[in-house]
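K.L.:
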Amino acid sequence: MQQTPISILEHVFGYDKFRGQQEAIVNAVVGGDDALVIMPTGGGKSLCYQIPALLRPGVAIVVSPLIALMQDQVEALRALGVKAGFLNSTLTPQEIYDNEQSIQAGQLDVVYIAPERLIQARTINLLQHSQIALFAIDEAHCVAQWGHDFRADYLRLDVLHNEFPAVPRIALTATADTRTRQEIIDRLALHNAQQFIAGFDRPNIQYRIQPKDRPRQQLIKFLKQEHDGDAGIIYCLSRDKVEKTAAWLREEGFDALPYHAGLPPEIRAKHQRRFLREDSVVMVATIAFGMGIDKPDVRFVAHLDMPKSIEAYYQETGRAGRDGAPSTALLLYGFEDVVKLRQMTSNSEGNEAFRRAEQERLNAMLALCELASCRRQTLLRYFDDELPKPCGNCDTCIEPPQTWDATEAAQKALSCVYRTGQRFGVQHVVDVLRGEKNDRIKQYGHDQLTTFGIGSDISQHEWKGLFRQLAALGYLDVDREFGSLLLTESCRTLLRGDQSIQLRKDAKITTKKGKRQAI
Ligand code: ADP
Ligand code: ZN
1 MQQTPISILE HVFGYDKFRG QQEAIVNAVV GGDDALVIMP TGGGKSLCYQ
51 IPALLRPGVA IVVSPLIALM QDQVEALRAL GVKAGFLNST LTPQEIYDNE
101 QSIQAGQLDV VYIAPERLIQ ARTINLLQHS QIALFAIDEA HCVAQWGHDF
151 RADYLRLDVL HNEFPAVPRI ALTATADTRT RQEIIDRLAL HNAQQFIAGF
201 DRPNIQYRIQ PKDRPRQQLI KFLKQEHDGD AGIIYCLSRD KVEKTAAWLR
251 EEGFDALPYH AGLPPEIRAK HQRRFLREDS VVMVATIAFG MGIDKPDVRF
301 VAHLDMPKSI EAYYQETGRA GRDGAPSTAL LLYGFEDVVK LRQMTSNSEG
351 NEAFRRAEQE RLNAMLALCE LASCRRQTLL RYFDDELPKP CGNCDTCIEP
401 PQTWDATEAA QKALSCVYRT GQRFGVQHVV DVLRGEKNDR IKQYGHDQLT
451 TFGIGSDISQ HEWKGLFRQL AALGYLDVDR EFGSLLLTES CRTLLRGDQS
501 IQLRKDAKIT TKKGKRQAI
């Protein structure tokens with residue numbers, strides 16, 4: 001019987017219909033075209049190359065940076081009767097030799113290869129003496145140099161185009177603002193590829209972004225009230241915070257495990273396995289965890305620190321709810337995040353243009369946090385995807401934030417930054433505004449300033465919220481080295497009174513002790 005994409009979908013994979021653009025993608029690759037596939041996590045990218053792999057003669061080579069997952073992927077395919085194998089550093093020389101022999105003899109349908117191995121002369125030579133059905137380049141955004149998952153070996157994958165011009169290539173990723181997309185096309189020489197860009201909306205994920213006040217209380221309330229017994233991921237910026245948060249959650253009775261690149265590989269593998277196999281493990285992790293993790297029932301992703309770009313936020317939150325059931329993405333963020341990330345971007349490797357691009361991406365993330373309108377609309381617009389009306393399933397849709405005319409308060413705040421010489425961090429400036437008589441203020445004579453005590457009617461929390469928003473909106477900058485507040489060009493119109501400003505009122509929460517607090 002003649003095999004077709006749909007017969008393979010049914011008989012090998014056991015599904016009755018294609019999803020979204022899968023069929024068109026499969027047809028393009030089967031027909032010998034190159035393809036660029038941008039599809040959200042959980043969209044079903046794997047079938048886009050696995051089905052052509054079975055329809056075209058020869059072996060399909062899948063390039064993936066996810067060495068830890070290759071074994072699982074191969075076993076899953078073997079269970080379906082697909083002849084699959086892999087080549088990476090976890091194998092013994094003998095196993096590698098055997099697999100190489102099978103490739104050359106045409107005994108395999110699909111082989112996963114780590115990029116660092118693929119680009120070796122030995123591997124290229126082997127492939128030149130084998131029949132190749134196609135090359136699939138998974139996690140193709142790893143080629144983007146400014147991206148958070150950059151892998152230098154990916155840059156050398158243009159060898160595939162140069163050495164195997166007749167073999168179709170399909171590049172796949174879930175990350176894709178227009179810049180990443182262009183960089184993938186340029187670096188992998190995919191100028192003639194058909195592009196398949198799926199919608200980015202993940203309607204079952206509820207987006208919530210809250211200012212960080214008492215993060216532990218906020219988190220515990222979220223977990224206990226909404227996600228008790230659920231599997232989820234909690235992201236932190238540092239390894240240290242990962243360890244501490246996991247230990248604390250265990251004390252609180254949650255089955256929490258730490259995961260970061262500083263842990264021994266066997267511990268990481270063990271924790272990952274437990275997370276994948278069990279129902280209610282909470283993984284507390286740095287961003288080292290998550291790429292390629294296929295766990296359909298992750299019910300929540302919580303960020304205790306702000307991601308450095310909207311792409312990162314989208315990618316990380318996208319690990320929730322791959323099964324389509326309601327899930328929550330909670331982000332707690334505060335002024336410290338802005339300071340820390342600004343410092344990190346300015347200290348990062350790369351030239352001026354690179355740092356500026358990073359800065360812009362951070363600013364877009366901040367603007368998303370301070371948004372008073374639908375989060376999803378803004379998120380999708382960032383990926384050039386339009387949502388015609390507000391989503392009804394994000395915090396700002398569910399409970400529209402109140403805004404207030406903050407013009408006068410902002411003027412006070414900015415002039416206090418100016419009067420104190422743009423040499424102090426937010427805490428000190430707030431103390432001056434509120435007229436606190438502490439040692440530091442006396443030491444600098446700041447109790448003599450005209451701005452001393454002019455803001456005693458506004459609480460400490462509210463002031464901090466205001467500074468956070470002013471920084472997020474670009475009226476204030478933060479010194480890269482010392483974290484002191486700096487005025488920017490755009491604050492002039494505010495200071496002169498030529499412009500008014502509406503800011504979000506931070507929501508109020510009731511804390512454990514029953515006290516109302518701004519968050
Ligand atoms: P991605 O790589 O895009 O994150 P996967 O390829 O891992 O997504 O697919 C996500 C899930 O959807 C998998 O469990 C897969 O088996 C399932 N899936 C993919 N295509 C279909 C389809 N046409 N019908 C039903 N389930 C599908
Ligand atoms: Zn919304």
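Numbering (UniProt numbering), first residue to last: 1 to 519.
Backbone N, C-alpha and C fix where the C-beta goes; we use that ideal spot for every residue, glycine too.
Sort I6, T90 and F86 by Cα distance to N99 and report the nearest one.
P.N.:
F86
K.L.:
Cβ-heavy atom distance between N204 and the ligand ZN below 7 Å?
P.N.:
no
K.L.:
Which word fits L503, buried or exposed, when buried means at least 16 other C-beta atoms lie within 10 angstroms of its C-beta?
P.N.:
buried
K.L.:
Which residue from K505, A24, F482 and D479 puts its Cα closest to that of Q469?
P.N.:
K505
K.L.:
Measure the CB-CB distance between L36 and I184 and report whether it falls below 8 Å.
P.N.:
yes
K.L.:
Consider the C-beta atom of K17 and the heavy atoms of the ligand ADP; say whether any pair is separated by less than 7 Å.
P.N.:
yes
K.L.:
Report back the beta-carbon spacing between T317 and V339 to the nearest angstrom; my notes put them in contact at under 8 Å.
P.N.:
Between V339 and T317 the Cβ distance is about 23 Å, and since that is not below 8 Å, they are no contact.
K.L.:
What I want to know is whether the C-beta of N351 ends up closer than 7 Å to one or more non-hydrogen atoms of the ligand ZN.
P.N.:
Result no, Cβ not under 7 Å from the ligand ZN.
K.L.:
In chain order, what residues of the same chain lie with their CB nearer than 7 Å to the CB of I6, ignoring the 5 residues before and after it?
P.N.:
Excluding sequence positions up to five before and after I6, its CB lies less than 7 Å from no other CB in the same chain.
K.L.:
Between which residues of its own chain and I67 is the CB-CB distance below 8 Å, once the five residues before and five after are set aside?
P.N.:
Cβ neighbours of I67 beyond the five flanking positions: N88, S89, T90 and A114.
K.L.:
Looking only at DSSP bridge pairs, what is G232 linked to?
P.N.:
V282 and F300
K.L.:
Helix, strand or coil for S7, going by three-state DSSP, please let me know.
P.N.:
Note: S7 maps to helix in three-state DSSP.
K.L.:
Any heavy atom of the ligand ZN within a distance shorter than 7 Å of the CB on P390?
P.N.:
yes
K.L.:
Less than 7 Å between C-beta atoms, sequence neighbours within five positions excluded: which residues of the same chain meet that for C142?
P.N.:
P65, D149, F150, R151 and Y154
K.L.:
Is the beta carbon of R319 less than 8 Å from the beta carbon of P296?
P.N.:
No, they are not a contact pair.
K.L.:
Note down, in chain order, each residue of its chain lying with its Cβ closer than 6 Å to the Cβ of P401, except the 5 sequence neighbours on either side.
P.N.:
A372 and R504
K.L.:
For the region 310-387, which segments carrying the beta strand (DSSP E) assignment without a break, of at least 3 residues, lie completely within its bounds, in sequence order?
P.N.:
327-333
K.L.:
Since V432 and I441 are thought to touch, with beta carbons under 8 Å apart, how far apart are those beta carbons, to the nearest angstrom?
P.N.:
Right, the Cβ-Cβ distance comes to about 6 Å (below 8 Å), so this counts as a contact.
K.L.:
Looking at the structure shown, is T173 part of a helix, part of a strand, or coil, going by DSSP?
P.N.:
strand
K.L.:
Starting from W404, trace the beta strand (DSSP E) both ways and give me its first and last residue.
P.N.:
T403 to D405
K.L.:
To which residues of the same chain is K515 closer than 8 Å at the C-beta, ignoring the five residues directly before and after it?
P.N.:
Legend: pLDDT at K515 = 39, less than 50; position of this residue unreliable, value from coordinates given subsequently. Counting only Cβ-Cβ distances below 8 Å, and skipping sequence neighbours, we find nothing.
K.L.:
Just to confirm, is the Cβ distance from M306 to M344 under 8 Å?
P.N.:
no
K.L.:
Would you call the CB atoms of D109 and V167 closer than 8 Å?
P.N.:
no
K.L.:
Measuring from the CB of C48, is there a heavy atom of the ligand ZN at a distance below 7 Å?
P.N.:
no
K.L.:
Can you tell me which of the three DSSP states A76 falls into?
P.N.:
helix
K.L.:
Does Y475 come out as helix, strand or coil in the three-state DSSP assignment?
P.N.:
coil
K.L.:
Determine the direct distance from the alpha carbon of E358 to that of A312, and round the result to whole angstroms.
P.N.:
12 Å
K.L.:
I'd like to confirm something about C374: is its beta-carbon nearer than 7 Å to some heavy atom of the ligand ZN, or not?
P.N.:
yes
K.L.:
Give me whichever residues DSSP pairs with C394 in a beta bridge.
P.N.:
Y207
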